[in-house]
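For reference, the structure discussed in these notes is given below.
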Amino acid sequence: KSKDWDETHVRRVLRAFAYGGLTTDAQIENWAGMKPAQAIAQMLTFEVNNERLSPSEDQNSAYCGSLADLQALWSSDDPDNRMTWPDRYRYDTLGGNLQLSQTNLQRTWSKAVSTRGCNPFLHKMALFLTNYHASIHVRNTRAALIRDYYDDYVSALASGQDFIEVMTVGASHAAVARAYRHQDNSFRNGTFYGNEDFAREYLQLFFGVLGTTEDPDYYETVSIKNNALALTGMNLDKETDAYGSTSSGDWYVSPIVFTDHVDDTGRTIRNQSWHYQNELGAGSCVEILHADICGATADEKLQALGQVAGNHPESLDNIPVKLVGFFADDNLDAGKMDELRGSWVEADFDLLAFVQKYAVSTAFHHASTFKYLTAFDRNLIAQNAATLTNEENFAKPHYHAPYDRMRFQGVEVFEPIRNVFGHQTGVDAANNPYIFKNAYYQNAQQNFYHVTSQGTYTLADGGPSYLWQKDWGAVIPLDGDGQHGVAAVSDWLWNRFIGDGGKNFDLIAKAQVQSLLATGRDFGFEVDPDNRDPELFYSSADIGGDHAAAAARFAEHGAAVLDLSTVEGNERVGMAVNFITMTPYAFAMEGQ
Numbered sequence: 006k007s008k009d010w011d012e013t014h015v016r017r018v019l020r021a022f023a024y025g026g027l028t029t030d031a032q033i034e035n036w037a038g039m040k041p042a043q044a045i046a047q048m049l050t051f052e053v054n055n056e057r058l059s060p061s062e063d064q065n066s067a068y069c070g071s072l073a074d075l076q077a078l079w080s081s082d083d084p085d086n087r088m089t090w091p092d093r094y095r096y097d098t099l100g101g102n103l104q105l106s107q108t109n110l111q112r113t114w115s116k117a118v119s120t121r122g123c124n125p126f127l128h129k130m131a132l133f134l135t136n137y138h139a140s141i142h143v144r145n146t147r148a149a150l151i152r153d154y155y156d157d158y159v160s161a162l163a164s165g166q167d168f169i170e171v172m173t174v175g176a177s178h179a180a181v182a183r184a185y186r187h188q189d190n191s192f193r194n195g196t197f198y199g200n201e202d203f204a205r206e207y208l209q210l211f212f213g214v215l216g217t218t219e220d221p222d223y224y225e226t227v228s229i230k231n232n233a234l235a236l237t238g239m240n241l242d243k244e245t246d247a248y249g250s251t252s253s254g255d256w257y258v259s260p261i262v263f264t265d266h267v268d269d270t271g272r273t274i275r276n277q278s279w280h281y282q283n284e285l286g287a288g289s290c291v292e293i294l295h296a297d298i299c300g301a302t303a304d305e306k307l308q309a310l311g312q313v314a315g316n317h318p319e320s321l322d323n324i325p326v327k328l329v330g331f332f333a334d335d336n337l338d339a340g341k342m343d344e345l346r347g348s349w350v351e352a353d354f355d356l357l358a359f360v361q362k363y364a365v366s367t368a369f370h371h372a373s374t375f376k377y378l379t380a381f382d383r384n385l386i387a388q389n390a391a392t393l394t395n396e397e398n399f400a401k402p403h404y405h406a407p408y409d410r411m412r413f414q415g416v417e418v419f420e421p422i423r424n425v426f427g428h429q430t431g432v433d434a435a436n437n438p439y440i441f442k443n444a445y446y447q448n449a450q451q452n453f454y455h456v457t458s459q460g461t462y463t464l465a466d467g468g469p470s471y472l473w474q475k476d477w478g479a480v481i482p483l484d485g486d487g488q489h490g491v492a493a494v495s496d497w498l499w500n501r502f503i504g505d506g507g508k509n510f511d512l513i514a515k516a517q518v519q520s521l522l523a524t525g526r527d528f529g530f531e532v533d534p535d536n537r538d539p540e541l542f543y544s545s546a547d548i549g550g551d552h553a554a555a556a557a558r559f560a561e562h563g564a565a566v567l568d569l570s571t572v573e574g575n576e577r578v579g580m581a582v583n584f585i586t587m588t589p590y591a592f593a594m595e596g597q
């Protein structure tokens, strides 16, 4: 065990890479007691189910490798389905108009991240690939194709494919061809018909080859133009009534079939004969990035091109920086970037090995590391910390889930705000006062979100009613006196939701949290109930002893005992969570 590796390091990794995880305090303590490399090998994996990071509680874990499978389960009457019956239609592939529903797909993704048994790190990496790195917008694909795009990345990661292989899965995908419209690109009678959009973005976005080290004329007139030729013959099949949709616009399916054939709807697809110089077969070659890229079809050329693009110096420089910038650090300097580039070369395109090594590095666990959190990050970290069981996750009505909160704060999965250039960043969120305003409103005016501690649900139309109850007492440890003392509970809650070991839990924040836990009321009101001045403020010095009444109340609240066997006791924890998750430390993460 490294002397510098402890529980705070473990929680920092979980917050940055796995939305806080869905693990137990005992497991976190175990990881903190291991050697860092051993711990990280258990914490961060691309397995569909990581039982240490997200222990299974029910049959949901059998469906976690695919949003399509989760939608099929959660919208069904399958006995494995624990979703409250009134909300099941909200997870169906189709909406009420019997056409594909992007809203239902988005709800499914956010629910999956908070489902015990599903691996939140795997799903965060898939979010990075589909919404930030190789980003496309659902309006250009419709829900089923972009769902396949996401699911195929999950499958590629889970099967151990390296970065180049994973990117080749994306580059040859039907959703990408539909989004960029190179599905219509063809080479006929010696003439190219189509666009060069994805030819450029394949290099720049998928592999980070911006052309800054290339001769501009060569990059534009040879590499990009020839890449457009390589992308000919990528039309999509359609299937009549695909997904059960009544709209023919929904009927495009994946994968692309790279042959000449007639699809289910009678359309003639000429993906082989309309590919560049198809008559040469495997001898059909184009020059891209100073290499001959050969293949009889577009997918064969993309297989060859991936190796060239991934090994290009610009890609080797840019990909590791982009990865770490997304997950962990908005404060990368030249020295940090050089170190990341060396690690990327050493990892030899092994995404998991690269991330695991970085997650235990001094570069990550360093005072200079600073990460602003997106609305995805902040809401899902809070959701995972506040949701104690899968029963709670599925029994609560849909408006108790983070989907609506994230939507009002500017993020909806598969709707990147910059389209192909990616979704909301932490810096975007930090610079937008309306996002903070909305988050504050939701915690202050819709406090039921975290406060509600019980409710009823049904699993069938007209079926029996069940009661779910929050039991914070099952996870919050007893103090040295065998009780849930308010002072100890407040420290535990701060560490669960903020994860800094109490570093930033100052007297002002502690006074408010302890007051909410002990009384259910604001600290200022408790000190002076007759003073309704909204600007009333007690400083750390006041609480520490300079103001007799404030110091007395603080000591009294800290010594109180919280009864977590009651509804009121659990609701008070929810009040404290509402406060903690609106402090500045819930909007950003430090490296030390």
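Numbering of the sequence shown is given in the working numbering, commencing with residue 6 and proceeding in unit increments. Just so it is clear, CB atoms sit at the ideal spot from N, CA and C, and this is done for glycine as well. None of these values were measured; they are calculated from a predicted model.
Since I believe Asn-276 is in contact with Ile-261 (beta carbons under 8 Å), could you give me their beta-carbon distance rounded to a whole number of angstroms?
Yes, Ile-261 and Asn-276 are in contact; Cβ-Cβ is about 7 Å, under 8 Å.
Are the segment 573 to 584 and the segment 425 to 445 touching, with three or more C-beta to C-beta distances below 8 Å?
Contact fails: fewer than three Cβ-Cβ distances are below 8 Å.
Around the Cβ of Phe-453, are there at least 16 other Cβ atoms within 10 angstroms (buried) or fewer (exposed)?
Label assigned to Phe-453: exposed.
Would you kindly report the start and end of the unbroken beta strand (DSSP E) that includes Leu-472?
Counting along the chain, the beta strand (DSSP E) containing Leu-472 begins and ends at 470 to 474.
Got a sec, what are the start and stop residues for the alpha helix (DSSP H) Gln-519 sits in?
That run of the alpha helix (DSSP H) goes 512 to 524.
Tell me, please, whether the segment 25 to 32 touches the segment 363 to 372 by the rule of three or more beta-carbon pairs shorter than 8 Å.
Output reads no: the segment 363 to 372 does not touch the segment 25 to 32.
Taking the alpha helix (DSSP H) that Ala-176 falls in, what are its first and last residues?
Segment 168 to 176, the alpha helix (DSSP H) holding Ala-176.
Going by C-alpha distance, which of Gln-209, Gly-485, Ser-106 and Ile-169 is nearest Asp-255?
Closest by alpha carbon: Ser-106.
For Asp-255, report the span of its alpha helix (DSSP H) as first-last.
Looking at the DSSP string, Asp-255 is not in any alpha helix (DSSP H), and its letter there is neither H nor E.
Have a look at Val-18 and Leu-541 and give me their C-alpha separation to the nearest angstrom.
Distance between the alpha carbons of Val-18 and Leu-541: 37 Å.
So which of Thr-196, Val-313 and Gly-340 has the shortest CA-CA distance to Tyr-281?
Comparing Cα-Cα distances from Tyr-281 to each of Thr-196, Val-313 and Gly-340, the minimum goes to Thr-196.
Go ahead and label Thr-173 buried or exposed: buried means 16 or more other beta carbons lie within 10 angstroms of its beta carbon, across all protein chains shown.
So Thr-173 counts as buried.
Please classify Lys-376 as buried or exposed, where buried requires at least 16 neighbouring CB atoms within 10 angstroms.
Buried, because 16 or more other Cβ atoms sit within 10 Å of the Cβ of Lys-376.
Alpha carbon to alpha carbon, how far is Ala-131 from Tyr-137? Give it in angstroms, no decimals.
Answer to the nearest angstrom: the Cα atoms are 10 Å apart.
How close, in whole Å, do the beta carbons of Ile-386 and Gly-25 come, if the pair is a contact with beta carbons under 8 Å?
That belief holds up - the Cβ atoms of Ile-386 and Gly-25 are roughly 4 Å apart, short of 8 Å.
Look up His-266 in the DSSP assignment and give the residues it is bridged to.
Per DSSP, Ile-274.
Counting C-beta neighbours from all protein chains within 10 Å, is the total for Lys-605 16 or more, i.e. buried, or is it exposed?
Residue 605 lies beyond the stretch modelled for the chain, which goes from 6 to 597, so this question has no answer here.
Look at the alpha carbon of His-455 and the alpha carbon of Ala-391, and state the distance between them as a whole number of angstroms.
Approximately 7 Å, taken between the alpha carbons.
What are the partner residues of Gln-43, as DSSP defines its beta bridges?
Per DSSP, none; premise fails for Gln-43.
If you draw a straight line from the C-alpha of Asn-395 to the C-alpha of Gln-519, how long is it?
Roughly 28 Å separates the two Cα atoms.
Does DSSP put Asp-297 in a helix, in a strand, or in coil?
In the structure shown, Asp-297 sits in a strand (DSSP, three-state: E or B).
Just to confirm, is the Cβ distance from Val-572 to Gln-451 under 9 Å?
Taking 9 Å as the Cβ cut-off, Val-572 and Gln-451 do not qualify as a contacting pair.
Helix, strand or coil for Phe-197, going by three-state DSSP, please let me know.
Residue state, collapsed to three classes: strand.
Grouping DSSP H, G and I as helix and E and B as strand, with all else coil, what is Met-130?
Correct three-state label for Met-130: helix.
Sort Ala-73, Thr-108, Ala-182 and Asp-568 by Cα distance to Asp-153 and report the nearest one.
Selected option, being the one with the closest Cα: Ala-73.
Quick check: the Cα distance between Tyr-155 and Ser-81, rounded to an integer number of angstroms?
Each residue's alpha carbon lies about 22 Å from the other.
Measuring only the C-alpha atoms, how far is Ala-157 from Asn-316?
Reading off the sequence, residue 157 comes out as Asp, not Ala. Those two C-alpha atoms are separated by around 23 Å.
Can you name, in chain order, every residue of its own chain whose Cβ lies under 6 Å from the Cβ of Phe-510, other than the five neighbours on each side?
Here the set comprises Trp-499.
Give me the Cα-Cα distance between Lys-401 and Gly-347, rounded to the nearest whole angstrom.
Cα to Cα, Lys-401 sits roughly 47 Å from Gly-347.
Looking at Gly-300 and Ala-314, is the spacing between their C-beta atoms short of 9 Å?
In this structure, Gly-300 does not lie closer than 9 Å to Ala-314 by Cβ.
Could you give the residue range of the alpha helix (DSSP H) that holds Thr-13?
Its alpha helix (DSSP H) spans residues 12 to 23.
For Ile-169 and Phe-354, I'd like the C-alpha separation in whole angstroms.
In a straight line, the C-alpha of Ile-169 is about 7 Å away from that of Phe-354.
Using CA coordinates, which residue listed in Gly-330, Arg-423, Phe-126 and Phe-211 is at the minimum distance from His-178?
The candidate whose alpha carbon is nearest that of His-178 is Phe-211.
I need the DSSP call for Lys-598, collapsed to helix, strand or coil.
No answer is possible for residue 598: the residues shown for the chain start at 6 and end at 597.
Locate the alpha helix (DSSP H) running through Met-637, then write down its first and last residues.
This structure cannot settle anything about residue 637, because the visible part of the chain is limited to 6 through 597.
Which residues in the same chain as Asn-323 place their Cβ atom closer than 7 Å to its Cβ, once the five residues preceding and following it in sequence are excluded?
For Asn-323, where only same-chain residues beyond five positions count, the Cβ hits under 7 Å are Gly-213.
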